[in-house]
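All remarks here apply to the structure that follows.
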Amino acid sequence: MVNFLKLPPPPPCSYEIRDLPGKGKGVVVLRDIAMSEVVIIEGPILFFPNMMSVYLKDTPLAIDILGRMQPRTRQTFLSLSNVKDINVPHLMGIMATNGIGISLKKGSQMFGSIVLDISRINHSCGPNITWIWNRYLFVNIVQASRNTHKGEEIITEYETLDQPYADRRFELERKYNFKCTYDYCTNTPATSDHNRAYYTAEDTMDLKFRHLSIILLASLQVQDAQLKAADLLQYLTRGLVTLTKEGIEATHAQMYYVYLMQVYGLQGDEKNFLKWGFKAILMYTGNSLYRLEREIEQWIGWMQDPKRNFPHWAILLE
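Under the numbering used here, think of the first position of the sequence shown as 47, with each following residue one higher.
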């Protein structure tokens, strides 16, 4: 009989916060991390209406907030970065610099929150994590969006990654007073702005139409449908390679995974169907931009028995 009062110890922490040359503090992994693996689960120490920091200054409320924190928590909180103007009170500056938006229920107003370890994650224009706010558990869950090796830094994006290089640099300097020094910014190819704009603006409806047209054509002329499927696979693969080269597959590759899965299903290629299907499920589940519970359940059903459950399985085989 299991004694639920004596739970096994939690696994060792997979990351630590270190001083990084030229960056202040950052988060570094202590072992190899696989794509989609959970790296951090952390709840906020403080949450507040978005306009609250405007009124804090040196008021009794600000003093009361700090006084209610445990000494170690207070010390860590006060050590967080403050990049705001010197005339901005320190508490306000910390909250404005490190605040992360959360909601307490679906469709409700956004609140700001302070999450100590996640606040130490630095910016890169090629992030290697996604994160999602779970309002039921009241925690942020950080997942690896690609394989990360021991000693590598965990990095996220502070700005929208499909905007031009110059705009990203300008906004980072304006809001956070630094320049991105990662390779995705310092070694930016001349085609980067075009590639990011083109492959992140792909219309889901266009891909869906191209997928459906292959299904319809297969009932009339299989060879023509095979050619269309090959063209779509080439396009999806090229887009995914480009997004990966730009380092933004974490935020924009999910749709490519879904349609690679479906086209391989039409071809009856079970190995690639499962490969891309699992990636789609893992990355949509861990990305806060998407809420596709029904679709994910459907994909899981396909994975369990592709030949029986996936519509139009292998219709392109003659």
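Positions of the beta carbon are idealized from the N, C-alpha and C atoms, including for glycine.
Inter-residue CB distance, residue i and residue j (contact presumed, cutoff 8 Å)
i: E199; j: L66; result: 7 Å
i: G89; j: F184; result: 5 Å
i: L362; j: Q313; result: 5 Å
i: G323; j: W348; result: 6 Å
i: P357; j: F319; result: 12 Å between Cβ atoms; not a contact.
i: L260; j: L278; result: Inspection of the sequence shows that residue 260 is occupied by Ile rather than by Leu. With 8 Å as the limit, I260 and L278 qualify as a contact, their Cβ atoms being about 7 Å apart.
Helix, strand or coil at residue i according to DSSP, with G and I counted as helix
i: Y61; result: strand
i: Q280; result: helix
i: G72; result: strand
i: H195; result: coil
i: H358; result: coil
i: N174; result: coil
i: G147; result: strand
i: E292; result: helix
i: T183; result: The sequence given here has Leu at residue 183, not Thr. Residue state, collapsed to three classes: coil.
i: V85; result: strand
i: T234; result: coil
i: V134; result: coil
i: T202; result: strand
i: S334; result: Below a pLDDT of 50, predicted positions are generally treated as unreliable, and S334, at 49, falls in that range; no measurement from the model is reported.
i: S125; result: coil
i: A326; result: helix
i: L207; result: coil
i: K353; result: helix
i: I79; result: strand
i: L66; result: strand
Residue range of the unbroken beta strand (DSSP E) whose run includes residue i
i: L92; result: 92-95
i: G158; result: 156-160
i: I261; result: Where I261 is concerned, there is no enclosing beta strand (DSSP E), although the alpha helix (DSSP H) it sits in stretches over 250-264.
Contact set for residue i: own chain, Cβ-Cβ below 8 Å, skip 5 residues either direction
i: Q350; result: none
i: L218; result: H169, Y204, E205, F224, K225, C226
i: D208; result: R242, A243, T246, A247, I294, H298
i: N355; result: G347, W348
i: Y431; result: In the structure as shown, the chain begins at 47 and stops at 364. Residue 431 is therefore absent and cannot be evaluated.
Residue i - containing alpha helix (DSSP H), residue span
i: V309; result: 300-313
i: G347; result: 339-350
i: S238; result: 238-246
i: E219; result: 211-222
i: Q267; result: No alpha helix (DSSP H) contains Q267, which DSSP labels as neither H nor E.
i: A108; result: 106-114
Buried versus exposed, by CB contacts within 10 Å (16 or more), residue i
i: E295; result: buried
i: I148; result: buried
i: A299; result: buried
i: G311; result: buried
i: Y182; result: exposed
i: G285; result: buried
i: M195; result: Residue identity differs from the one stated: residue 195 is His in this sequence, not Met. The residue in question, H195, is exposed, as its Cβ has fewer than 16 Cβ neighbours within 10 Å.
i: F255; result: exposed
i: L328; result: buried
i: T202; result: buried
i: D315; result: buried
i: R340; result: exposed
i: S165; result: buried
i: N186; result: buried
i: R118; result: exposed
i: L335; result: Caution is warranted here: a pLDDT of 49 is assigned to L335, below 50, making its placement in the model unreliable, and the coordinate value is therefore given only provisionally. It counts as exposed.
i: F216; result: exposed
i: D213; result: exposed
Residues of its chain near residue i, where Cβ-Cβ distance is below 7 Å and the 5 sequence neighbours each way are ignored
i: G172; result: Y228, Y230, E292, G293, I294
i: D239; result: P210, Y211
i: D270; result: L263
i: S60; result: V75, L76, R77, I79, V85
i: L150; result: F157, R181
Cβ neighbours of residue i in the same chain (closer than 6 Å, five flanking residues each side left out)
i: K130; result: G139, A142
i: L282; result: Y302, Y305, L306
i: V188; result: V85, I86, I175, W177
i: L289; result: Y245, E295, H298, A299
i: Y83; result: Reading off the sequence, residue 83 comes out as Glu, not Tyr. Hits under 6 Å: A190.
i: R192; result: M81, N174
i: S159; result: P90, F93, I146, I148
i: K69; result: N168
i: V134; result: none
Within-7 Å CB hit, residue i to chain C
i: Y310; result: Any reference to chain C falls outside this structure, which holds one protein chain only.
heavy atom of the ligand MN below 6 Å from residue i C-beta
i: Y204; result: With respect to the ligand MN, the structure shown offers nothing to examine, as it has no ligands at all.
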